[in-house]
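Asks: Pasting in a structure now, in structure tokens, and then I'll have a few things to ask.
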Amino acid sequence: MIQKDEQGHALSGADGEAAAAYAAAQRQFSCYVGDPVGTIDAAIARRPDFVMAHAMRAYLFLLGAEPAGFGPARESYAAARRAAADDRERGHLTAIRHFLDGNLAQAARTLEDVAIAHPTDLLALQAGQLTDFLIGDSRMLRDRIARALPAWRPGMPGYHAVLGMHAFGLEETGLYARAEATGKRALEIEPRDGWAKHAVAHVIEMQCRPADGIRFMNENLADWAEDSFFSVHNWWHLALYHLELGDIATVLALYDDPAKIKGGQSPVIFDMLDASAMLWRLMLRGVDVGDRWRPLADAWEPYARSGLFAFNDAHAVMAFAGAGRHDLVEAVLAAEEDAIRGAGDNARITAEVGRPIALGLAAFASGDHRAALDLLRPVRHISNRFGGSHAQRDIVDLTMIEAALRAGEQATAAALVAERADLRPASPFTRLLRDRVETLPAAA
Ligand SMILES: [Fe+2]
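Under my numbering, the first residue of the sequence shown is numbered 2, with each subsequent residue one higher.
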């Protein structure tokens, strides 16, 4: 008997028990809880020809932007290719092959085609949206999900995840009211949906409502914080609200907590990105972060020469520069030169935005604030191309503002702070920046 997933798609190679494990892994993945790799491994152990189980395992290793994930993903891809598959499943394998080859835009496009033919294919939607995120395709973050919505109904398994993904896409395209309502609807259906929680956290961040954010994250804290492989990032969002309010002690406590941001204590790339970004923001504010850069730089060191994801490279540069490891900053920059000459989307992304941003951050850290401004200014409005969210890429604007202030560029600093104040009129931090602009001497 042909087994099906919870949305009704055939699962080649599965038996009933393996299909049940697949459904459990999909639920874990769509909520970002538990151990979906362990769950899917059990399905594969039971049915080695279970194509979609191999595909899910490949996605789980690839979508975290971990250089070390490519090896296991390649094994899963090879195992899936040996098994009989239908058209939908072959579409997934084509997408995975494009990803393995570094052609992320092509992988995202292939997953569009899978989801156009099968709009209730939850894994195609989720893997597609996470790929959109890695290449900074804001519009597809939203429209990939929007075009599938007519095929979904409340009550269908995974409906919460579709709403949560739609909420994030709406947020990244500035549709904040709809994003918040949609994310909260997802959380009513599934309080453990860490991606839906995150989408609403982003709305609150972009609208600069830090007190609301602290309240929102502390409601049902266990639902998003316990047994979740996405919790570090949601703790990071909570810390951003405290940072906005100037509560540095709470930010540092969240950063150091081995159960929260795990600063410098986690070998997971997504966690290290958050740690780098938080220490860099603290450094920009003039906070003495003590010895915190050193263990974070140690965690990044194995990836200094990987040159696979420009977004990772920029955050590695923050840690290396912060720790005074100029040898490792140089290693990243050399690896980026190689990456630019290589194949795949990262060559273009690194050339267009990754390298100027890495150079700008390094210039800032070495005290050359005018050079930092000159390097960052041409690319900050296209920085979406190296992936991440608006909230993550805000670090480019924050670095430029601080560079202008420290370089004594009064008019430029005033302009940059004015545009920030326009978007975040109630921001206590923006008021501090305004005060600093006013103390700078105007240009003659
Ligand atoms: Fe985020």
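Positions of the beta carbon are idealized from the N, C-alpha and C atoms, including for glycine.
Between the Cα of A66 and those of G389, K185, L360 and R48, spot the shortest distance and give me the residue it belongs to.
Replies: Nearest C-alpha to A66: G389.
Asks: On the three-pair Cβ rule with 8 Å, is the segment 142-152 touching the segment 12-19?
Replies: No, they do not touch.
Asks: Report all residues from its chain with a CB closer than 6 Å to the CB of H243; omit the five preceding and five following residues, and keep chain order.
Replies: Only T251 and V252 meet the Cβ criterion.
Asks: Residue range of the alpha helix (DSSP H) that W153 falls in?
Replies: Counting along the chain, W153 falls outside any alpha helix (DSSP H), and DSSP gives it neither H nor E.
Asks: Can you give me the Cβ contacts of I136 inside the same chain, cut-off strictly under 8 Å, excluding the 5 residues immediately before and after it?
Replies: L105, A106, A109, D346, I350, R386 and G388.
Asks: For E403, I'd like the list of residues in its chain whose CB is within less than 7 Å of its CB, leaving aside the five on either flank, ordered along the chain.
Replies: Excluding residues within five positions, the ones whose Cβ falls inside 7 Å are L285.
Asks: Alpha carbon to alpha carbon, what distance is there between G103 and D133?
Replies: The straight-line gap from Cα to Cα measures roughly 14 Å.
Asks: Would a C-beta distance cut-off of 9 Å place L1 and S277 closer than the cut-off?
Replies: The requested residue 1 is not part of the displayed model; the chain covers only 2 to 445.
Asks: Give me, in chain order, the residues of the same chain whose beta-carbon lies closer than 6 Å to that of W225; leave out the 5 immediate sequence neighbours on both sides.
Replies: Excluding residues within five positions, the ones whose Cβ falls inside 6 Å are G195, K198 and N235.
Asks: If you check the beta carbons only, do V380 and I358 fall under 9 Å apart?
Replies: Cβ distance < 9 Å, so V380 and I358 count as in contact.
Asks: Please list, in chain order, all residues of the same chain as V52 whose beta carbon is under 6 Å from its beta carbon, the five residues on each side excluded.
Replies: So the qualifying residues of the chain are S13, G14, A81, A84, A86 and E90.
Asks: The alpha helix (DSSP H) that contains A56, what's its start and end?
Replies: First-last of the alpha helix (DSSP H) with A56: V52 to L63.
Asks: Going by DSSP in three states, K185 sits in which element: helix, strand or coil?
Replies: DSSP places K185 in helix when its eight states are reduced to three.
Asks: Taking contact to mean at least 3 C-beta pairs separated by less than 8 Å, is the segment 321-336 in contact with the segment 112-130?
Replies: No: the two stretches stay apart, fewer than three of their Cβ pairs being nearer than 8 Å.
Asks: Run the Cβ filter for me: residues under 6 Å from any heavy atom of ligand 1, listed in the order they occur in the chain.
Replies: This criterion selects H199, H203, H234, H238, S390 and A392.
Asks: Just mark L63 as buried or exposed, buried being the case when its beta carbon has 16 or more other beta carbons within 10 Å.
Replies: It counts as buried.
Asks: Pull up the distance between the alpha-carbon of V163 and that of I45, whole angstroms please.
Replies: Their Cα atoms are separated by approximately 26 Å.
Asks: Using DSSP with H/G/I as helix, E/B as strand and the rest coil, what is S307?
Replies: Three-state DSSP puts S307 in coil, outside helix and strand.
Asks: Using the C-alpha atoms, what's the distance from P49 back to G39?
Replies: Cα to Cα, G39 sits roughly 15 Å from P49.
Asks: In whole angstroms, what separates the C-alpha of L309 from that of G323?
Replies: Those two C-alpha atoms are separated by around 22 Å.
Asks: What residue does the alpha helix (DSSP H) around P259 start on, and which one ends it?
Replies: That residue, P259, is in no alpha helix (DSSP H); it is neither H nor E in DSSP.
Asks: Please report the straight-line C-alpha distance between R154 and L123, rounded to a whole angstrom.
Replies: Roughly 13 Å between the two C-alpha positions.
Asks: Quick check on DSSP: helix, strand or coil for V163?
Replies: It is helical.
Asks: Touch check for the segment 263-278 and the segment 304-320: three-plus C-beta pairs under 8 Å?
Replies: Yes, the segment 263-278 touches the segment 304-320.
Asks: Which runs of the alpha helix (DSSP H) fall wholly inside the segment 275-353 and span at least 4 residues, in chain order?
Replies: Within the segment 275-353, the complete alpha helix (DSSP H) runs of at least 4 residues are 294-301, 311-323, 327-342 and 346-350.
Asks: Measuring CB to CB, does L246 end up less than 9 Å from P211?
Replies: Cβ distance < 9 Å, so L246 and P211 count as in contact.
Asks: To the nearest angstrom, report how far apart D375 and L399 are at their CA atoms.
Replies: When rounded, the distance between both Cα atoms is 14 Å.
Asks: Quick check on DSSP: helix, strand or coil for S229?
Replies: DSSP places S229 in strand when its eight states are reduced to three.
Asks: Count the other C-beta atoms from every protein chain shown that fall within 10 angstroms of the C-beta of M401, then say buried if there are 16 or more, exposed otherwise.
Replies: Under this definition M401 is a buried residue.
Asks: Mapping the DSSP letters down to three states, classify K263 as helix, strand or coil.
Replies: Coil at K263, not helix or strand.
Asks: Of all the alpha helix (DSSP H) runs that stay within the bounds of the segment 367-414, which reach a length of 4 or more residues?
Replies: Correct list: 370-377 and 391-407.
Asks: Give the C-beta separation of T174 and R140 to the nearest angstrom, bearing in mind that I take them to be a contact with Cβ-Cβ under 8 Å.
Replies: About 6 Å separates the two Cβ atoms, so the contact holds.
Asks: Whole angstroms are fine: how far does the CA of G265 sit from the CA of F231?
Replies: Cα to Cα, F231 sits roughly 16 Å from G265.
Asks: Out of E439, E181, P442 and F100, which has the shortest C-alpha to C-alpha gap to Y60?
Replies: Per the Cα distances, F100.
Asks: Can you check which of these residues, Q208, M157, D289 and G156, is closest to A180 by C-alpha distance?
Replies: Measuring from the Cα of A180, the nearest candidate turns out to be Q208.
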